[in-house]
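Colleague:
Quick look at the structure:
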């Protein structure tokens with residue numbers, strides 16, 4: 011429950027990155043965050059941190075993933091209500107679940123900006139920073155998104171970036187440009 | 011992870027009510043909240059809301075209660091970082107667990123104000139708004155705090171109120187007076 015008596019809404023919003031493991035959600039969220047922090051408090055809820063603090067004990071079944079995503083959505087909404095930019099960087103593989111979170115936000119007047127961080131599976135497999143794709147392809151990790159578990163890309167994300175060939179700075183600029191166009195970030199001042 | 015680049019901390023804090031079921035934590039938090047809302051965003055995390063959105067599936071063992079309290083503490087800390095007054099109203103029966111949450115807050119410079127909402131068990135049993143004490147005393151509810159599960163009162167709470175004979179308005183004023191004395195709330199202006 012929140013109380014807003016003598017103050018106008020302070021302009022928080024939810025910036026929701028979705029994409030496969032290793033696609034660059036966390037990297038991109040860290041590239042974008044400092045640009046937002048000049049104007050408001052920014053909090054990044056990344057998949058690992060959330061699994062530790064909010065969702066320990068949950069697994070990777072559809073049901074457990076949905077509970078996890080709804081929890082992230084709940085906390086992001088609370089932060090946005092408080093005027094913060096809540097940046098989430100969890101895989102969040104199911105379209106319907108992301109859309110439910112969006113509806114909950116928009117029902118409260120909280121802007122929800124979905125950013126699809128695309129990457130071809132071949133790229134991720136060849137990059138494989140954590141060695142997870144090799145293990146998943148060998149059948150050692152059940153429910154691995156993109157290999158042995160579904161990933162449903164957004165039907166109409168506000169922004170799509172690709173980490174296949176696009177520089178992080180370029181992807182970040184696309185996100186920032188969208189936020190400026192929406193009035194969620196001050197226009198860039200050029201000296 | 012949070013980013014604070016060009017802005018000072020905005021003065022969020024955690025106001026943590028603890029006490030037995032029916033002692034008046036939610037009632038008191040709702041009495042206090044409007045007085046805080048003039049100066050900052052206020053969010054009440056009450057026990058029932060949190061059980062729905064953050065902790066569904068957890069039970070009432072010591073371990074599950076501790077996980078629940080740590081989750082509330084995590085979210086309250088995020089909100090306070092964003093400059094909000096995070097008001098919690100969960101039983102939170104274990105002293106050590108509350109103290110851990112306090113340490114996490116204070117380590118970040120976030121003021122943690124613990125309010126013990128006292129009430130004699132006889133009062134709660136005779137009041138028994140939800141009929142839970144009668145059922146717990148009949149042995150129908152295992153792990154019921156104060157009857158079949160422990161409640162450890164705070165050793166040194168910032169504020170102690172009693173809902174036995176004290177009016178809610180008087181209890182609320184004690185909490186507000188403490189916040190003013192700590193500089194967490196503007197001094198009262200008398201016309």
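Chains as they are written, first to last, in my numbering: chain E, 11 to 201; chain L, 11 to 201. Where a beta carbon is used, it is the ideal one built from N, C-alpha and C, also for glycine. Here the structure is a predicted model, which means the values were calculated and not measured.
Shortest alpha-carbon distance to residue 44 of chain E belongs to which of E:191, E:197, E:186?
Modeller: Of E:191, E:197, E:186, the residue nearest in Cα terms is E:186.
Colleague: When the distance is taken between beta carbons, is residue 182 of chain L closer than 7 Å to residue 52 of chain L?
Modeller: Not closer than 7 Å, so no.
Colleague: Can you give, in chain order, each stretch of the alpha helix (DSSP H) that sits fully within the region 91 to 155 of chain E and has at least 4 residues?
Modeller: DSSP runs (the alpha helix (DSSP H)) wholly in the region 91 to 155 of chain E: 105 to 117, 131 to 137, 142 to 147.
Colleague: Specify whether the region 82 to 102 of chain E and the region 74 to 82 of chain L touch according to this definition: at least 3 beta carbon pairs, one from each stretch, less than 8 Å apart.
Modeller: Contact fails: fewer than three Cβ-Cβ distances are below 8 Å.
Colleague: From this set, E:34, E:92, E:96, E:49, which residue's C-alpha is nearest residue 60 of chain E's C-alpha?
Modeller: Of E:34, E:92, E:96, E:49, the residue nearest in Cα terms is E:96.
Colleague: Using only CA atoms, which one of L:127, L:189, L:158 lies nearest to residue 178 of chain L?
Modeller: For the residues L:127, L:189, L:158, the minimum Cα distance to residue 178 of chain L belongs to L:127.
Colleague: Counting only C-beta atoms, is residue 51 of chain L closer than 7 Å to chain E at any point?
Modeller: Closer than 7 Å to some Cβ of chain E, the Cβ of residue 51 of chain L qualifies, so yes.
Colleague: With 16 as the cutoff for other CB atoms within 10 Å, does residue 175 of chain E come out buried or exposed?
Modeller: It counts as exposed.
Colleague: For residue 56 of chain L, list the residues DSSP reports as bridge partners.
Modeller: Answer by DSSP bridge pairing, in chain order: L:99.
Colleague: Is residue 70 of chain L helix, strand or coil by DSSP?
Modeller: It is coil, neither helix nor strand.
Colleague: If I follow the unbroken beta strand (DSSP E) through residue 30 of chain E, where does it start and stop?
Modeller: Note, residue 30 of chain E: premise wrong, no beta strand (DSSP E); not H, not E.
Colleague: Give me the residue from E:71, E:156, E:100 with the minimum Cα distance to residue 54 of chain E.
Modeller: Taking only the C-alpha atoms, the option nearest residue 54 of chain E is E:100.
Colleague: Rank E:39, E:88, E:22 by C-alpha distance to the C-alpha of residue 171 of chain E and give the top, closest one.
Modeller: When each option's Cα is compared against that of residue 171 of chain E, the closest is E:39.
Colleague: Excluding the 5 residues preceding and the 5 following residue 197 of chain L in the sequence, name in chain order all residues of the same chain whose CB lies nearer than 6 Å to its CB.
Modeller: So the qualifying residues of the chain are 190.
Colleague: Does DSSP classify residue 76 of chain L as helix, strand or coil?
Modeller: Looking at residue 76 of chain L - three-state DSSP - the assignment turns out to be helix.
Colleague: Look at the Cβ atom of residue 139 of chain E, then the Cβ atom of residue 32 of chain E, and state whether they are nearer than 7 Å.
Modeller: Result yes, Cβ atoms of residue 139 of chain E and residue 32 of chain E sit closer than 7 Å.
Colleague: Looking at chain E, which residues of the region 78 to 107 of chain L have a Cβ within less than 8 Å of any of its Cβ atoms?
Modeller: The residues in question are 80, 81, 84, 85, 88, 89, 91, 92, 93, 94.
Colleague: Are at least three pairs of beta-carbons, each pair with one atom in the region 158 to 173 of chain L and one in the region 114 to 127 of chain L, less than 8 Å apart?
Modeller: Counting Cβ pairs under 8 Å, three or more are found: they touch.
Colleague: Below 8 Å on the Cβ atoms is my guess for residue 151 of chain L versus residue 23 of chain L; work out the distance and round it to an integer in Å.
Modeller: Actually they do not touch by this definition, with Cβ atoms about 34 Å apart.
Colleague: With DSSP as the reference, label residue 172 of chain L as helix, strand or coil.
Modeller: If DSSP states are grouped into helix, strand and coil, residue 172 of chain L belongs with the strands.
Colleague: Mind checking who residue 24 of chain E pairs with in its DSSP beta bridge?
Modeller: Residue 24 of chain E pairs with E:96, E:122.
Colleague: Alpha carbon to alpha carbon, how far is residue 17 of chain L from residue 142 of chain L?
Modeller: Note on residue 17 of chain L: pLDDT 40, under 50, position unreliable in the model; the coordinate value appears next. Taking the straight line joining both Cα atoms gives about 47 Å.
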